[in-house]
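J.:
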Amino acid sequence: MKEMKKLGLIIPLNLTMVVLYTTLINVEIGQQGRSPGWEDIMIPLAFIVFLHGFACLCIALVQFARKKDDSGRTWMLSCGLIYLIGFTLCLGSGVQLT
């Protein structure tokens, strides 16, 4: 039961991290005193999303190698969601509403 509780925290914590670093990047770019272009937000965000998803993928592979299939599947699902949501945020930040 305790193991399932830990597995249930992996995805929400990873998605919270995505929201936090997306917010931090947008706040930092906004404080530079000029109107940011799409590349100012999109490129750093894409890089961080890629690294985050890659880290989740590596953890999933390690869990599968240790025969912890439930944990490995949870990390793989987390990796997929990070890429799906993270790169959607990247594309959304590149849209200029005029």
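Remember, the numbering used here sits 2 above the position in the sequence shown when you count from 1.
Even glycine gets a Cβ: it sits at the ideal position worked out from N, Cα and C.
(1) The alpha helix (DSSP H) spanning Gln65 covers which residue range?
(2) Mapping DSSP to helix, strand and coil, what is Ser37?
(3) Answer yes if the region 66–74 comes into contact with the region 24–37, meaning at least three C-beta pairs across the two stretches below 8 Å, and no otherwise.
(4) Do Gly55 and Cys92 count as a contact pair if the criterion is CB distance below 7 Å?
(5) Within 7 Å (strictly less), CB to CB, does Thr24 reach chain B?
(6) Would you call Gly32 buried or exposed, if buried means 16 or more other Cβ atoms sit within 10 Å of its Cβ?
(7) How many whole angstroms separate the CB atoms of Ile27 and Pro46, which I take to be in contact at a CB cut-off of 8 Å?
T.: Reading off the structure:
(1) Numbered from its first residue, the sequence shown carries residue 65 at position 63. Its alpha helix (DSSP H) spans residues 40–67.
(2) Here residue 37 refers to the residue found at position 35 of the sequence shown. Residue state for Ser37 is assigned as coil, using DSSP reduced to three classes.
(3) no
(4) Here residue 92 corresponds to residue number 90 of the sequence shown, with the count starting at 1. Here residue 55 corresponds to residue number 53 of the sequence shown, with the count starting at 1. Not in contact: Cys92 and Gly55 (Cβ atoms no closer than 7 Å).
(5) Of the chains in the structure shown, none is chain B; there is only one protein chain.
(6) In the sequence shown, counting from the first residue as 1, residue 32 sits at position 30. With fewer than 16 Cβ atoms within 10 Å of its Cβ, Gly32 is classed as exposed.
(7) On the sequence shown, position 25 is the one that residue 27 refers to. On the sequence shown, position 44 is the one that residue 46 refers to. Indeed, because the Cβ distance is near 6 Å, the residues count as touching under 8 Å.
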